[in-house]
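A.B. asks: Start counting the sequence shown at 1; every next residue gets the next number (the UniProt record's numbering). Cβ atoms here follow ideal geometry from the backbone N, Cα and C, with glycine treated the same way.
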Amino acid sequence: MMLRIKRVPTVVSNYQKDEAEEGARRVGGCGRNCLNQCCIPGAKLPLYAFKKLNKIVGDKELPGSEKREPPVAFLDSLLLGEWEDRMQRGLFRYDVTACETKFGFIAQLNEGRHLKKRPTEFRVDKVLQPFDGNKFNFTKVGQEEVLFQFEASEDGEVQFIPSAPIEPENSPSVVAINVSPIEYGHVLLIPRILENLPQRIDRESFLLALHMAAEAGNPYFRLGYNSLGAFATINHLHFQAYYLAVTFPIEKAPTKKITVLDTGVKVSELLNYPVRGLVFEGGNTLQDLSNTVSDACICLQENNIPYNVLISDCGKRIFLLPQCYAEKQALGEVRAELLDTQVNPAVWEISGHMVLKRKKDYEEASDENACKLLAEVSLSEERFQEVNALIFEAIASGDNGNANLLEDPEVKPRSHEEVDVINTSSHAAMTRRSIWKLSLFHRLCFNRLLSEEMKKGLHPQMQWISYVTQSGRLMHVMMTKIHHVGKVYHLKAKRQMTENLGQVAKFRQRYEKTAAPKEEP
Numbered sequence: 001m002m003l004r005i006k007r008v009p010t011v012v013s014n015y016q017k018d019e020a021e022e023g024a025r026r027v028g029g030c031g032r033n034c035l036n037q038c039c040i041p042g043a044k045l046p047l048y049a050f051k052k053l054n055k056i057v058g059d060k061e062l063p064g065s066e067k068r069e070p071p072v073a074f075l076d077s078l079l080l081g082e083w084e085d086r087m088q089r090g091l092f093r094y095d096v097t098a099c100e101t102k103f104g105f106i107a108q109l110n111e112g113r114h115l116k117k118r119p120t121e122f123r124v125d126k127v128l129q130p131f132d133g134n135k136f137n138f139t140k141v142g143q144e145e146v147l148f149q150f151e152a153s154e155d156g157e158v159q160f161i162p163s164a165p166i167e168p169e170n171s172p173s174v175v176a177i178n179v180s181p182i183e184y185g186h187v188l189l190i191p192r193i194l195e196n197l198p199q200r201i202d203r204e205s206f207l208l209a210l211h212m213a214a215e216a217g218n219p220y221f222r223l224g225y226n227s228l229g230a231f232a233t234i235n236h237l238h239f240q241a242y243y244l245a246v247t248f249p250i251e252k253a254p255t256k257k258i259t260v261l262d263t264g265v266k267v268s269e270l271l272n273y274p275v276r277g278l279v280f281e282g283g284n285t286l287q288d289l290s291n292t293v294s295d296a297c298i299c300l301q302e303n304n305i306p307y308n309v310l311i312s313d314c315g316k317r318i319f320l321l322p323q324c325y326a327e328k329q330a331l332g333e334v335r336a337e338l339l340d341t342q343v344n345p346a347v348w349e350i351s352g353h354m355v356l357k358r359k360k361d362y363e364e365a366s367d368e369n370a371c372k373l374l375a376e377v378s379l380s381e382e383r384f385q386e387v388n389a390l391i392f393e394a395i396a397s398g399d400n401g402n403a404n405l406l407e408d409p410e411v412k413p414r415s416h417e418e419v420d421v422i423n424t425s426s427h428a429a430m431t432r433r434s435i436w437k438l439s440l441f442h443r444l445c446f447n448r449l450l451s452e453e454m455k456k457g458l459h460p461q462m463q464w465i466s467y468v469t470q471s472g473r474l475m476h477v478m479m480t481k482i483h484h485v486g487k488v489y490h491l492k493a494k495r496q497m498t499e500n501l502g503q504v505a506k507f508r509q510r511y512e513k514t515a516a517p518k519e520e521p
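Right, dumping it as structure tokens:
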């Protein structure tokens with residue numbers, strides 16, 4: 001069964017029209033100065049070329065190293081300056097700076113964001129969908145809505161060219177305004193715009209987003225990403241970003257460390273927050289952090305799990321948030337009072353910035369009401385742990401075994417027939433009504449294997465667990481704490497496999513019961 005929901009699509013461009021009108025548009029030149037092949041020849045836009053960061057994330061410059069001042073202040077003068085210029089030219093549908101706002105869980109009354117649009121059906125059971133050039137995409141925006149091109153510098157230094165030609169063969173990445181802004185400075189980062197990439201994260205595009213956050217250099221300028229099925233409505237690869245000088249509730253939530261990878265990336269779990277999620281931070285380089293998170297995102301995409309991403313703290317802290325609200329909505333499992341608010345819990349709402357469209361909801365806004373909505377967004381504890389197991393497997397595979405999930409090099413991959421037999425054994429455990437049943441298949445198998453291989457009487461800190469991945473590889477995991485659904489709190493590398501004397505002594509004292517020697521009379 002194909003699952004769909006109806007919602008009012010967000011208008012991000014003044015050239016965004018109904019599909020019928022778009023289909024009727026004449027071919028061979030639109031006459032509106034867009035970014036399509038009909039208007040690109042001879043077109044020029046400002047170009048900001050950033051310096052690629054190879055230093056450790058968050059570290060200061062080394063002593064004696066020179067840090068040149070950029071030719072233009074990226075956030076204040078370029079991005080926000082150009083954004084305000086478009087506001088003066090009347091390109092936005094409303095003045096977002098006039099919206100009423102409450103703080104705590106941030107509540108904003110934005111009655112203009114959904115006006116004059118009819119509800120449209122969106123498919124929510126497929127995270128990966130092919131690009132469709134007949135539907136609205138960002139090549140159809142007007143060039144006046146584009147602020148500048150954003151590319152890596154070729155000579156390793158920051159450059160700014162006020163009027164640079166658009167080179168179709170290089171498919172530039174661009175920053176454009178969102179004409180229905182949520183907040184001040186709301187823009188879209190569109191990687192390699194002319195390649196017509198669908199809404200799916202890859203390593204190169206995610207690293208570009210982290211470079212933008214680092215270039216802004218302001219913790220109040222954040223980037224967000226919504227996958228299809230998690231309230232992205234335009235299937236053309238893009239990130240959103242805006243400036244809001246307040247700490248988001250999700251950024252204040254406590255976390256619990258799960259592990260630190262060999263690349264220096266720390267992975268933690270959100271605690272005491274309505275939506276379950278993972279937090280990634282640190283790393284030896286910006287690329288280490290980017291590769292880890294993008295591999296996790298690619299894993300979710302390929303397993304048809306909708307998700308949102310918040311890039312925080314100048315690109316040093318990233319929240320990964322799998323969600324199921326649209327699925328529940330399509331299945332009729334969301335309460336009517338929540339649906340009536342017309343709040344679409346995408347990355348900003350999940351992070352704590354609630355965009356409300358009705359005065360009534362704004363007046364009744366409270367932390368309690370926000371938590372009620374977000375609780376419907378979150379995966380269950382069991383489902384979240386299944387997703388985590390899959391993510392850690394993907395991180396290990398993407399990092400060629402350098403992460404703390406280890407692959408035995410001496411074991412040959414199992415045949416597909418052997419893997420099928422193992423996976424089939426866990427079929428009875430699949431009782432939940434969900435559109436993700438097939439993608440969760442081998443994760444349920446993983447949980448079952450954990451319970452079967454745990455030996456009674458052994459201390460978990462001294463125990464290695466083996467399991468077969470979907471691709472047929474044998475993986476070894478050192479377990480230090482076991483939850484009844486197979487929750488992994490920490491993963492140890494092989495170099496940590498040898499017990500020290502203290503661990504052995506503690507084990508014997510706790511688990512080996514020996515009779516006390518009798519005293520001589």
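Does the ligand GDP have a heavy atom nearer than 7 Å to the CB of A232?
C.D. replies: The ligand GDP is absent from the structure shown, which contains no ligand whatsoever.
A.B. asks: To the nearest angstrom, how far is the alpha carbon of A176 from that of N272?
C.D. replies: Mapped onto the sequence shown, residue 176 falls at position 176. Mapped onto the sequence shown, residue 272 falls at position 272. Across the structure, A176 and N272 are spaced so that their CA atoms are roughly 36 Å apart.
A.B. asks: If you scan the UniProt domain "GDPGP1-like C-terminal" (249-396) from start to end, which runs of the alpha helix (DSSP H) of 4 or more residues do you find wholly inside it?
C.D. replies: 249-252, 286-302, 325-330, 336-339, 347-351, 359-363, 367-377
A.B. asks: Enumerate in chain order the residues of its own chain whose CB-to-CB distance from H427 is below 6 Å, with the five nearest sequence positions on each side excluded.
C.D. replies: As a working mapping, residue 427 is identified with position 427 in the sequence shown. At H427 the pLDDT is 36, less than 50, meaning the model places this residue with poor confidence; the figure from the coordinates comes in the next sentence. Nothing meets the Cβ criterion.
A.B. asks: Whole-angstrom Cβ separation of T97 and Y220, contact assumed at under 8 Å?
C.D. replies: On the sequence shown, residue 97 is found 97 positions in, with the first residue counted as 1. On the sequence shown, residue 220 is found 220 positions in, with the first residue counted as 1. Here T97 is actually not in contact with Y220; their C-beta atoms are around 15 Å apart, not less than 8 Å.
A.B. asks: Could you pull the start and end residues of the beta strand (DSSP E) that G217 belongs to?
C.D. replies: Sequence index remark: in the sequence shown, residue 217 carries index 217 (1-based). Per DSSP, G217 belongs to no beta strand (DSSP E) and is neither H nor E.
A.B. asks: Who are the Cβ neighbours of V347 in its own chain at under 6 Å, not counting the five residues just before and after it?
C.D. replies: Against the sequence shown, residue 347 aligns to sequence position 347. Excluding sequence neighbours, V347 sits near G224, N226, N308, L310.
A.B. asks: Whole-angstrom Cβ separation of S378 and F248, contact assumed at under 8 Å?
C.D. replies: For the purposes of this step, residue 378 is taken as the residue at position 378 of the sequence shown. For the purposes of this step, residue 248 is taken as the residue at position 248 of the sequence shown. 16 Å between Cβ atoms; not a contact.
A.B. asks: By DSSP, does G156 sit in helix, in strand, or in coil?
C.D. replies: In the sequence shown, counting from the first residue as 1, residue 156 sits at position 156. In this structure, G156 counts as coil in the three-state DSSP scheme.
A.B. asks: DSSP on F239, reduced to helix/strand/coil?
C.D. replies: On the sequence shown, position 239 is the one that residue 239 refers to. F239 falls in the strand class under three-state DSSP.
A.B. asks: Given this structure, state the Cα-to-Cα distance separating E111 from G104, to the nearest angstrom.
C.D. replies: Position 111 of the sequence shown, counting from 1, holds the residue named residue 111. Position 104 of the sequence shown, counting from 1, holds the residue named residue 104. Roughly 20 Å separates the two Cα atoms.
A.B. asks: Starting from R222, trace the beta strand (DSSP E) both ways and give me its first and last residue.
C.D. replies: For this step, residue 222 is matched to residue 222 along the sequence shown. Annotation for R222: the continuous beta strand (DSSP E) segment containing it runs 221-226.
A.B. asks: To the nearest angstrom, how far is the alpha carbon of K51 from that of N284?
C.D. replies: By 1-based counting over the sequence shown, the position of residue 51 is 51. By 1-based counting over the sequence shown, the position of residue 284 is 284. The alpha-carbon of K51 is positioned some 18 Å away from that of N284.
A.B. asks: Pick helix, strand or coil for R86, following the three-state DSSP scheme.
C.D. replies: Within the sequence shown, residue 86 is the residue found at index 86, counting from 1. R86: helix per DSSP, three-state reduction.
A.B. asks: Touching or not, the stretch 226-236 and the stretch 68-84, by the rule of three or more beta carbon pairs under 8 Å?
C.D. replies: no
A.B. asks: So what's V141 in DSSP terms, helix, strand or just coil?
C.D. replies: Within the sequence shown, the letter at position 141 stands for residue 141. DSSP places V141 in coil when its eight states are reduced to three.
A.B. asks: Would you grab the beta carbon distance between A241 and I395 for me? Rounded to a whole angstrom, and I think it's under 8 Å.
C.D. replies: Counting from one through the sequence shown, the residue named residue 241 turns up at place 241. Counting from one through the sequence shown, the residue named residue 395 turns up at place 395. Actually they are not in contact, since the Cβ atoms of A241 and I395 sit about 25 Å apart, beyond 8 Å.
A.B. asks: So, Y243 versus Q149, is the Cβ gap smaller than 8 Å?
C.D. replies: Position 243 of the sequence shown, counting from 1, holds the residue named residue 243. Position 149 of the sequence shown, counting from 1, holds the residue named residue 149. No, the pair does not count as a contact, with Cβ atoms beyond the cut-off.
A.B. asks: Please determine, among E69, V12, I166, the residue with the shortest C-alpha to C-alpha distance to Q37.
C.D. replies: Here residue 37 is taken as the residue at index 37 of the sequence shown, counted from 1. Measuring from the Cα of Q37, the nearest candidate turns out to be I166.
A.B. asks: What does the alpha-carbon distance come out to for the pair W83 and D95?
C.D. replies: Position 83 of the sequence shown holds residue 83. Position 95 of the sequence shown holds residue 95. For W83 and D95, the distance between alpha carbons rounds to 12 Å.
A.B. asks: Please state whether DSSP places S205 in a helix, a strand or coil.
C.D. replies: Within the sequence shown, numbered from 1, the residue matching residue 205 stands at position 205. It is helical.
A.B. asks: Where DSSP assigns a beta bridge to I106, which residues make up the other side?
C.D. replies: One-based indexing of the sequence shown puts residue 106 at position 106. For I106, which the question treats as bridged, DSSP gives the partners H353.
A.B. asks: By the three-class DSSP mapping on this structure, what secondary structure does S434 have?
C.D. replies: Here residue 434 is taken as the residue at index 434 of the sequence shown, counted from 1. Bear in mind that the predicted position of S434 carries a pLDDT of just 37, short of 50, making it unreliable; the figure below should be weighed with that in mind. In this structure, S434 counts as coil in the three-state DSSP scheme.
A.B. asks: Quick test of your reading: C299 and I391, contact by CB under 8 Å. State the CB separation rounded to the nearest angstrom.
C.D. replies: Within the sequence shown, the letter at position 299 stands for residue 299. Within the sequence shown, the letter at position 391 stands for residue 391. About 6 Å; that satisfies the 8 Å criterion.
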